[in-house]
Amino acid sequence: MTPTADAGAAPPPMRLLVLGASLRAGSLNTRLATLVTRLIEEAGAVVDRARLKDFPMPVYDGDDEDTGGIPEGALALRDRLQACDAFVIASPEYNASLPGGLKNAIDWVSRIRPQPFKDKQALLVSASPSMVGGNRGLWSLRIPLEHLGTRLYPDMFSLAAAHQAFTDDGDLTNTSLHQRLTETVADFLHLVEADTRYVCLRRRWYEFLGDHTDAQVTQRAED
Ligand code: FNR
Numbered sequence: 001m002t003p004t005a006d007a008g009a010a011p012p013p014m015r016l017l018v019l020g021a022s023l024r025a026g027s028l029n030t031r032l033a034t035l036v037t038r039l040i041e042e043a044g045a046v047v048d049r050a051r052l053k054d055f056p057m058p059v060y061d062g063d064d065e066d067t068g069g070i071p072e073g074a075l076a077l078r079d080r081l082q083a084c085d086a087f088v089i090a091s092p093e094y095n096a097s098l099p100g101g102l103k104n105a106i107d108w109v110s111r112i113r114p115q116p117f118k119d120k121q122a123l124l125v126s127a128s129p130s131m132v133g134g135n136r137g138l139w140s141l142r143i144p145l146e147h148l149g150t151r152l153y154p155d156m157f158s159l160a161a162a163h164q165a166f167t168d169d170g171d172l173t174n175t176s177l178h179q180r181l182t183e184t185v186a187d188f189l190h191l192v193e194a195d196t197r198y199v200c201l202r203r204r205w206y207e208f209l210g211d212h213t214d215a216q217v218t219q220r221a222e223d
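Going by my numbering, the first residue of the sequence shown is number 1, and it counts up by one from there.
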């Protein structure tokens with residue numbers, strides 16, 4: 001199979017945005033994002049680390065958008081999304097759903113054209129002190145992202161009892177869980193590589209999933 005880049009030249013390393021969606025300093029999701037970052041880098045890709053706190057923005061208000069346009073924080077997040085081949089979100093679960101601040105950021109960014117979430121590959125992970133590991137929050141997070149046309153990786157990773165789950169070196173104390181996360185990240189990177197480097201596969205993959213690749217149908221995510 002021929003990569004889309006120059007036949008002889010190796011393509012540049014894949015670039016992934018890893019976004020920690022908790023605002024607090026001692027965040028367990030930030031720790032999980034740090035581990036995912038290391039696993040991605042060990043696989044040879046480049047990581048752009050971000051925290052939701054890097055992108056301050058008010059609560060979405062259509063009147064503010066009409067008068068002031070898109071806030072700087074949302075534009076900055078758009079820039080970081082545009083610059084990556086794929087992204088990872090490490091998100092807490094609040095009340096069995098996604099955190100309001102993350103939904104607000106998605107809402108603002110979704111107002112930008114071209115719509116930045118469309119057609120990006122993404123992996124979702126979560127950490128929580130509870131036994132569900134924040135998994136219900138990730139299912140909620142899938143809804144707006146799927147709606148916006150993000151290509152969400154089917155497997156997710158939710159770390160239960162996360163306050164006790166890390167070694168001092170940032171690995172997971174449970175070695176089989178650590179192995180599963182490593183494999184999930186590696187498998188996700190293979191898909192990102194296929195999607196971004198072997199464009200002929202992209203169309204087939206979307207159509208295999210039941211999507212239509214003509215602009216008229218996929219346009220829903222832009223409306
Ligand atoms: C929580 N937490 C929580 N945890 C969980 O597993 N299921 C839940 O529904 C909720 N709900 C919830 C609501 C609110 C408002 C807060 C502040 C917290 C606990 C949460 O998982 C815990 O505080 C994590 O440590 C938050 O993630 P970070 O900040 O450590 O990344």
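We put the beta carbon where it would ideally sit given N, CA and C, even for glycine.
Report task. Please list, in chain order, all residues with a C-beta atom less than 5 Å from at least one heavy atom of ligand 1. Result -> S22, R24, S27, L28, N29, P92, E93, Y94, N95, A96, S128, S130
**Report entry** Buried/exposed call for A9, threshold 16 Cβ in 10 Å
**Finding:** Translated into positions along the sequence shown, residue 9 becomes position 9. Around the beta carbon of A9, fewer than 16 other beta carbons lie within 10 angstroms, which makes this residue exposed.
**Report entry** Start and end residues, beta strand (DSSP E) containing V47
**Finding:** Sequence index remark: in the sequence shown, residue 47 carries index 47 (1-based). 46–51 is the span of the beta strand (DSSP E), which, as asked, contains V47.
Query raised in the report: Where do the N-terminal and C-terminal ends of the alpha helix (DSSP H) with F188 fall, by residue?
Result: Here residue 188 refers to the residue found at position 188 of the sequence shown. Where F188 is concerned, the enclosing alpha helix (DSSP H) stretches over 175–197.
Requested in this report: Output yes or no for whether 7 Å exceeds the beta carbon distance between Y60 and N95.
Outcome: Taking the first residue of the sequence shown as position 1, residue 60 is located at position 60. Taking the first residue of the sequence shown as position 1, residue 95 is located at position 95. The answer is no: Cβ separation not under 7 Å.
Query - Range covered by the beta strand (DSSP E) that runs through A165 - result: For the purposes of this step, residue 165 is identified with residue 165 of the sequence shown, where counting begins at 1. DSSP places A165 in no beta strand (DSSP E); its state is neither H nor E.
Requested in this report: Out of I70, D168, A83, state which residue places its alpha-carbon closest to the alpha-carbon of Q121.
Outcome: Locating residue 121 in the sequence shown gives position 121, where the first residue counts as 1. Checked all of I70, D168, A83; the closest Cα to Q121 is A83.
Query raised in the report: Can you tell me whether R24 is buried or exposed, with buried defined as 16 or more other CB within 10 angstroms of its CB?
Result: Within the sequence shown, the letter at position 24 stands for residue 24. The residue is exposed, with fewer than 16 neighbouring Cβ atoms inside 10 Å.
Requested in this report: Using only alpha-carbon positions, find the residue among V36, G170, G134, R142 that is nearest to L159.
Outcome: The residue you call residue 159 lines up with position 159 of the sequence shown. When only C-alpha atoms are compared, the closest one is G134.
Requested in this report: Just confirm the distance between the C-beta atoms of A162 and S128, as a whole number of angstroms; I'd bet it's less than 8 Å.
Outcome: For the purposes of this step, residue 162 is identified with residue 162 of the sequence shown, where counting begins at 1. For the purposes of this step, residue 128 is identified with residue 128 of the sequence shown, where counting begins at 1. Yes, they are in contact, since the Cβ atoms of A162 and S128 sit about 6 Å apart, within 8 Å.
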